[in-house]
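The next block holds one structure in the form of structure tokens; read it before the comments.
Residue numbers (full-length UniProt numbering): 1 to 260.
Okay, here's the thing in structure tokens:
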């Protein structure tokens with residue numbers, strides 16, 4: 001399976017990030033991903049604008065804290081981007097980071113509760129995308145009104161990919177991946193751990209994407225990404241979280257994916 005290359009935009013205002021997405025498509029990247037903050041540039045509004053200005057790159061979040069979102073609202077946002085992009089949306093989800101540097105919003109912070117909410121949220125989102133009118137769970141209840149909107153918001157893709165954070169070799173975490181379409185590795189995996197993860201997924205009948213991330217130089221960089229592809233990764237995400245200037249991330253995007 002050929003390695004695809006995406007870039008995670010580190011921030012900036014909406015117009016700046018939109019222009020970076022257009023540049024990324026022109027420069028040969030396969031995907032553009034944005035982060036989703038409690039308060040900040042709205043990720044899905046931004047991705048919708050990107051959908052209208054691009055024609056090829058996959059578009060998604062890296063990542064959405066699902067337990068802190070209303071699943072039906074998120075399902076609507078992702079399906080809308082999928083329609084506008086003609087089937088290029090990807091949803092990346094996690095339980096949400098509890099960090100002293102993040103704003104306090106009163107959302108649940110207990111890890112077990114957040115994990116249960118994420119599992120149920122994934123099920124509800126999948127149900128809505130498949131046209132379900134009702135859903136009853138421990139955390140969420142949804143009943144469609146008399147006027148069914150399922151057809152109007154039907155995604156273009158038969159199955160919008162959901163990528164989920166998981167930690168190898170925690171089986172409960174990995175079993176969640178079997179219900180999804182990709183794994184965003186928690187912690188910092190090694191090449192050997194990634195091989196083990198790929199073997200486990202294959203054994204369980206999954207062809208889920210596996211992501212690797214990091215920084216590569218303006219030119220070259222193949223020596224950094226090839227070992228991840230050989231270990232079983234299908235996506236490399238360029239993550240310039242510490243980009244000091246807007247020009248730095250723009251220059252890296254313009255240089256294109258890592259090459260030999």
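Backbone N, C-alpha and C define an ideal beta-carbon position, used for all residues, glycine too.
The C-beta of residue 94 has 16 or more other C-beta atoms within 10 Å across all chains shown, which makes the residue buried. Taking every protein chain shown into account, the CB of residue 227 has fewer than 16 other CB atoms within 10 angstroms, so this residue is exposed.
Assignment of beta strand (DSSP E) within the segment 114-164, counting only whole runs of 3 or more residues, yields 134-136 and 141-143 in chain order. The beta-carbon distance between residue 79 and residue 60, rounded to whole angstroms, is 13 Å. This is too long to meet the 8 Å contact definition.
For the segment 195-239, the continuous beta strand (DSSP E) assignments of 3+ residues that do not extend past its boundaries occur at 209-214 and 235-239, in sequence order. The segment 49-101 is shown to contain whole beta strand (DSSP E) runs of 3 or more residues at 58-61 and 89-94, in chain order. In the three-state DSSP reduction, residue 23 falls in the helix class (H, G or I). Here residue 81 is buried. Its C-beta has 16 or more other C-beta atoms within 10 Å. Between residue 25 and the set 163, 8, 195 and 139, the nearest pair of CA atoms involves 8. Residue 66 and residue 110 have their C-alpha atoms roughly 14 Å apart. Under the DSSP assignment, residue 178 falls outside any alpha helix (DSSP H); it carries neither an H nor an E label.
Residue 166 places its beta carbon less than 8 Å from that of residue 186.
Nearest C-alpha to residue 2 among 145, 177, 62 and 235: 235. If you draw a 10 Å sphere on the C-beta of residue 141, you find fewer than 16 other C-beta atoms in it, and that means exposed. Per DSSP, residue 11 is not a residue of any beta strand (DSSP E), being assigned neither H nor E. Between residue 179 and residue 122, the gap from beta carbon to beta carbon is short of 8 Å.
Approximately 6 Å separates the beta-carbon atoms of residue 91 and residue 64; this is inside 8 Å, confirming the contact. Separation of residue 203 and residue 17 (C-alpha to C-alpha, rounded to the nearest whole angstrom) is 40 Å. The C-alpha of residue 157 lies about 14 Å from the C-alpha of residue 150.
Residue 189 places its beta carbon 8 Å or farther from that of residue 222. The beta carbons of residue 219 and residue 255 sit closer together than 8 Å. Judged by DSSP in its simplified three-state form, residue 166 adopts strand.
Cα atoms of residue 183 and residue 143: separation of roughly 30 Å, rounded to the nearest angstrom. For residue 185, the enclosing beta strand (DSSP E) covers residues 182-185. Nearest Cα to residue 145 within the set 138, 133, 169 and 155: 133.
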